Every structure is written in structure tokens, then in C-alpha cells.
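Student:
Residue numbers (my numbering), protein chains in the order written: chain A, 9 to 302; chain B, 9 to 302.
#1: Give every residue of the same chain whose Cβ lies closer than 6 angstroms to the Cβ of residue 131 (chain A), excluding the five residues on either side of it in the sequence, and list them in chain order.
#2: From the beta carbon of residue 129 (chain B), is the nearest beta carbon of chain A less than 7 angstroms away?
#3: With 16 as the cutoff for other CB atoms within 10 Å, does residue 162 (chain B) come out buried or exposed?
#4: How far does the alpha helix (DSSP H) with residue 268 (chain A) in it extend, from its first residue to its last?
#5: Around the Cβ of residue 152 (chain B), are there at least 16 other Cβ atoms within 10 angstroms (buried) or fewer (exposed)?
#6: Determine the closest residue to residue 94 (chain B) out of B:62, B:74, B:81 and B:71, with distance taken between C-alpha atoms.
#7: If residue 40 (chain B) sits next to residue 188 (chain A), beta carbons under 8 angstroms apart, how far is it from one beta carbon to the other, in whole angstroms?
#8: Specify, as a first and last residue, the run of the beta strand (DSSP E) that residue 33 (chain A) falls within.
#9: To be precise: take each residue of the region 261 to 274 of chain B, compare its Cβ to all Cβ atoms of chain A, and keep it if any distance is under 9 angstroms. Which residues remain?
#10: Closest Cβ-Cβ distance between residue 138 (chain B) and chain A: below 7 angstroms?
#11: Is the CB-CB distance between residue 145 (chain A) and residue 173 (chain A) below 7 angstroms?
#12: How about residue 3 (chain B) and residue 197 (chain B): are their beta carbons less than 7 angstroms apart?
#13: Please look up how many angstroms separate the CB atoms of residue 287 (chain A) and residue 276 (chain A), rounded, as I've assumed it's under 8 angstroms.
#14: Which one or two residues does DSSP pair with residue 14 (chain A) in a beta bridge?
#15: Which residue from A:150, A:203, A:247 and A:159 puts its Cα closest to that of residue 175 (chain B)?
#16: Does the beta-carbon of residue 248 (chain A), which I'm using as the reference point, lie nearer than 6 angstroms to any heavy atom of the ligand GTP?
#17: Here's the rule I'm using: 16 or more other beta-carbon atoms within 10 Å means buried, otherwise exposed. How should residue 133 (chain A) be labelled?
#18: Considering residue 253 (chain B), what are the terminal residues of the alpha helix (DSSP H) in which it resides?
#19: Checking contacts by CB at 7 angstroms: is residue 205 (chain A) closer than that to chain B?
#20: When you compare the region 239 to 249 of chain A with the region 244 to 255 of chain B, are there three or more beta-carbon pairs, one atom per stretch, that lie closer than 8 angstroms?
#21: Please list, in chain order, the chain A residues whose beta carbon lies closer than 9 angstroms to that of residue 75 (chain B).
#22: Compare the C-alpha of residue 100 (chain B) against each of B:265, B:50, B:148 and B:154 and name the closest.
#23: Please confirm if residue 26 (chain A) has its CB atom under 7 angstroms from at least one CB of chain B.
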């Protein structure tokens, strides 16, 4: 059984390499030459287009930047839809709007092909290690056909619900992470400006109800002023834009998510969009005219 | 050495009882008769006023609703200031504005008395068990004189910094808790309205960067629609009002805290101020016209 892999970027390249190493026969495609060459050297067949990959593979994985790219690769000229046939499966591992996942599933169902959305979290290090958290939306019987494949790339693979559920779960995750970072930022900026050592505040509260993975992951970096990514603010903006588009389309207002997205946009204005999302605190430091360090 | 205890409410009553049980000689005062009578039966001496308590005790603990009550009990007619003398210590365990803590310290220093702010978290159950988290602001040498006493009431007792630091730390804690609850609420409302089971989303994300003590404490209750307190929204409003007053006074804008406080005010309009703060999600359920249950 041949596996197609379209999109060999920061995440897709190591994910595809892990499938090669696990012995899967890959057919790859990307608009950039360098990662295609690297995969060819690792034993992958090189496809001429997304259409070509879809023709040569049973299961086609896509790992692309955002919703428009997925729509183009599936339905555009020389796209997957032109090459795919009944019984094949598209596994979209991109983080996109869940309504676009559902749209792709409908389009592919017309030619008898199945669709699964399987966005990931964990970033480049976990892509390299094959320990991504993979959140899956799709029919259980389709999920069962791709589960082994996903487990090569993931440390945890969870079927959440129907098509789109994977991306909805990812958006829920990204909303919580963004707001938890803002929470830490507001609290620690207040404490610092009040003259209290933010490191002491962190130690005093981390064991109680204010404790969180974000607090423990980001505070040590904030105290050093270390905002190297990690997960870039510009990517979090993309995810929150998808969350807001989804919220507006389905009728679930999320006003604080909207505010934290605007804070990220303000940091982008100052050229900080490549910083880690923990760098969100710099917005508050600007407002309060201090630095939160310890 | 006699210990004064002023304020025998939901929190103060069990805290004072624990000191009695530990063998401390207590002098108590409260405007309500019932808890005073209970403490007297447990062996405490009953003071006629805050002034009276201050005259008869070496260390005077106060546990009052908010900043104005502390200011009145310390500086008002028949207050602590009229009865206290040099070398005595006031330990204010109320959750109040840190600038008022500093004001009280200055007032008491004029008569040679010391002041420590030592607000708590953990609520009535931990007050009863004597396992409160106590965040202390004050001079280390003053702290050392009251540490044993605080450890009767607390499971953890942390000196954070100078006077006011205890309350600043408490405010930082309450900001993070409020915003983390809002984060969970926005994420789960979006997921539910998108047709995804919120319990499945919770399980899929709790082990990752979105994980938090709030998520694990509140999601099981949210999924059951159980908003019995716990920690009441009206008390969280009080803390966030103190956070905002402090933020404005010192120049540390906290816009998302302001928004989540307004959300709590909106719930108060609908008579939900006695609900647990996890009931914040009801605001989003109203907006989205759904219930997040699982």
C-alpha cells in the first residue's frame, strides 16, 4: 500500500521521514525542491503533482499551512480530486477551519473517497520525535484504516468525533492556550509593577487553582525574557482567526479570544510575530512600561 | 501570649476554632453573636470591641470581607489603633487591596506596631481542615514571629515579599483563575455549538499545553451543569475589583481581567452571583444559545 504525502514543510518533512523510516512506501509532493530531494534520498517516490500523488497512493496525507491551501490542493487544477478514486482516503493533518474540513469531506464523498481531519499539536520537536498529539475527526471505520499510520507520527491519537472534530478540538486547545498565556501575562505584569518579585509569585501560586501547563512552561522563559519559538505568534494568530471565523459561522461568540487575537496583532505591528506566543507578555510590558523578569 | 481574632465569618470562625484546638489563648470579637458564643464555648475570651481585643492581645488576627472593613476595624472608633501598643502585630488575613495593606502598615508603624498581610486561598473546606494556602507580605523578622501561628491554619505558608505582597499575589492568583475559567468556557462553548462532545474535547486536550488545574477542577462540574459553590462569583467579582483598582492606581492595565469581571457582572444581573465561578460558562451558553453538557 502506497502512502501519499503532500506538504513537506517544517512539520510535514519530519513526519514524512518518520513514515519512510517505519518502512512505508511514500509518494511525495511539495512546491519546494529541497525537502522533496531529501525524501527521495530517503527512498520516497516523487510525484509530479497532487493529482499524481492521489493516483499513485491509497491513502493521501496533506500537511499544509491553512484552509485555502487545503482547498486548492484538494479541488484546484492538478489537485487530489483529479487523481483520486473510490475507496481511497485523504488524511488532512493541517490545522484549518473545521467547516473547510467538512467541505472537503463532502467534495471527496462524491467520488467515493473518504476524508479524515487529523490536526496535530506539539510542534517541530514532536514531529521529529514522532510524538505529536493527533486529534482526529472522521468515521470510526475510516479512522481504523489509518490509525497505525497516525501512530507512527503521534504519541497520542484520539478520535474525537465526526469530520471537523479534529480541527474543532485543535481550535479549543488554541483558545485555552492563548487565554492562559494572557492570564499569566496580566497577573505577572500587575505583580511586577506593584513591586513584587514575579518569580516569588509564580512559586506561591503554581500549586493551587491558578496552576497550569502554560504557567509552568512559559514563566521560566518569561522571567529570562526568552521569547525564541517554540510556537510563533503568527501561527497562533492563524489558529485564532480560524476559531473566530468558525465562531461567527456557527453562532458561538468568543469575545476574549477576539481580544487576545488583537493583542497578538498589536505585537505583529511591532515586528514580534516570529516570537514565541509566550512573548504575548511584551504587550502588557509595553502598556505598563516595565519588564517582567526575575 | 494571647492571640486576638476579629472577624468570625465563614472563614474566620473555623480558623479561630483551629487556633483554640491547638491550645492558643484567644480573645475574639465579631458583630454577630452566634460565632462569638461558639468560640467562647470553645474557651476563647470575648472582647467588647476591636480596641478591647488589641489591648488584651500580643498578635491580632483580622479576617474581614474587604478593604473598607479592614480600614474601619483598624482606624475606626473603638478600633485596633485605639487599643494597640508598640511591639504588637496585626496579621490581616482578609483578601483586600494591597495598597490598603500598605496604608494600614504605615498607620500602625506610627504607634510602633507591625503589620503583616496574609490572605488565604482554599475556601471554607481548607479553613476547616487547617490546610489553607497562605500568601504573606511583611518584614521577615515579623513573619518569623507569626509563622507557627499561621501554620496552624495553613497547609502552605509563603513569605512573598514586603507588606502588600500577600494581597498582590492573591490578586495575581485570582486573575489567572478567572481568565482560565473564561478560556475553558469559550473553548467548550465553541466545540459544543460545533457539534463536538465537550467531554471528548476535554479528554483530548487535558494532557497537552491547554492542561490546567482549572480545566480538571471545573470541566467535570460544567459537564454536569453543577454550579454549586465552591467559590462564589460575587467573591470573585470583589477580588477582580481590587485587582482593577490596584492596576489603575499603579499603572498596569489588565484589559482581559476587566472583560471577565464584566462577564461576572452580567451573570450577577441574572441572579447567578451565588453560583460557583465555574458557572461563568453560563454567560457563553446564553450568548450561543446552547448548554455545554456531556
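Here a beta-carbon is modelled for each residue, glycine too, at the ideal position from N, C-alpha and C.
The structure displayed is predicted, hence computed values, not measured ones.
Tutor: Let's see:
#1: 239
#2: yes
#3: buried
#4: 263 to 277
#5: exposed
#6: B:62
#7: Their Cβ separation, rounded to whole angstroms, is 40 angstroms, which puts residue 40 (chain B) and residue 188 (chain A) out of contact at 8 angstroms.
#8: 33 to 37
#9: 261, 262, 263, 264, 265, 267, 268 and 271
#10: no
#11: yes
#12: For residue 3 (chain B) there is no data in the structure shown, the boundaries of chain B being 9 and 302.
#13: Rounded, the Cβ-Cβ distance is 11 angstroms, inconsistent with contact.
#14: A:37 and A:70
#15: A:203
#16: With respect to the ligand GTP, the structure offers nothing, as it holds no ligand at all.
#17: exposed
#18: 241 to 258
#19: yes
#20: no
#21: By Cβ distance, chain A contributes nothing, its closest Cβ being about 15 angstroms from residue 75 (chain B), past 9 angstroms.
#22: B:154
#23: no
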